[in-house]
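Residue numbering for the sequence shown follows numbering that gives the first Met the number 0, beginning at 0 and increasing consecutively. Ideal Cβ positions, reconstructed from N, Cα and C, are used throughout, including at glycine. Below is one structure; the comments refer to it alone.
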Amino acid sequence: MLRRQGMKRIVDRVAGSTDTFVELMVLYATLLSIAAGLYSFFEGQPLGDALWWAASTATTVGYGDVAPTTTGGRIVAIALMHLVPLFIGPLVVARILTALVKDQN
């Protein structure tokens with residue numbers, strides 16, 4: 000019971016800081032848009048297909064229905080596959096930990 004209440008406080012605090020959520024969503028959308036634009040340029044694919052590819056790659060689902068074949072497209076793929084888990088993920092964790100520390104103080 001206490002654990003559930005603690006989690007609820009954390010979720011409320013993190014969700015309550017909408018500026019943080021908006022910042023993360025803007026950063027993520029920007030990253031996806033840039034990756035999709037570059038993928039579309041290098042691979043000659045429509046932007047809609049490129050956005051689908053970027054979203055499935057960034058979430059590490061990678062269905063395999065769309066894959067880069069050019070060197071430029073592959074470089075974009077490598078960058079996207081590393082940027083999301085190495086930068087976006089830790090930012091989310093850092094925001095949650097900051098909320099935890101503030102909650103304890």
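Sub-8 Å separation of residue i and residue j beta-carbons
i: A69; j: F41; result: Looking at the sequence provided, one finds Thr at residue 69 rather than Ala. Contact flag set, yes.
i: A53; j: L31; result: yes
i: V75; j: L46; result: no
i: A34; j: L79; result: yes
Residue i burial status per 10 Å Cβ neighbour count (16 or more: buried)
i: A66; result: exposed
i: T56; result: buried
i: A49; result: buried
i: G71; result: exposed
i: A93; result: exposed
i: A28; result: exposed
7 Å CB neighbourhood of residue i in its chain, flanking five on each side removed
i: V91; result: L23
i: T19; result: R94
i: L82; result: L30
i: W51; result: V65
Three-state secondary structure (DSSP) of residue i
i: G47; result: helix
i: P67; result: coil
i: T97; result: helix
i: V60; result: coil
Contact set for residue i: own chain, Cβ-Cβ below 6 Å, skip 5 residues either direction
i: Y62; result: S55
Beta carbon proximity, residue i to chain D, threshold 8 Å
i: P67; result: No chain D is present in this structure, which holds just one protein chain.
Exercise for the section: Assess, as a yes-or-no matter, whether the region 90-103 is touched by the region 31-49 under the definition of 3 or more beta carbon pairs within less than 8 Å. Expected result: Contact check between the region 31-49 and the region 90-103: fewer than three CB pairs, one atom from each, fall below 8 Å, which does not count as touching.
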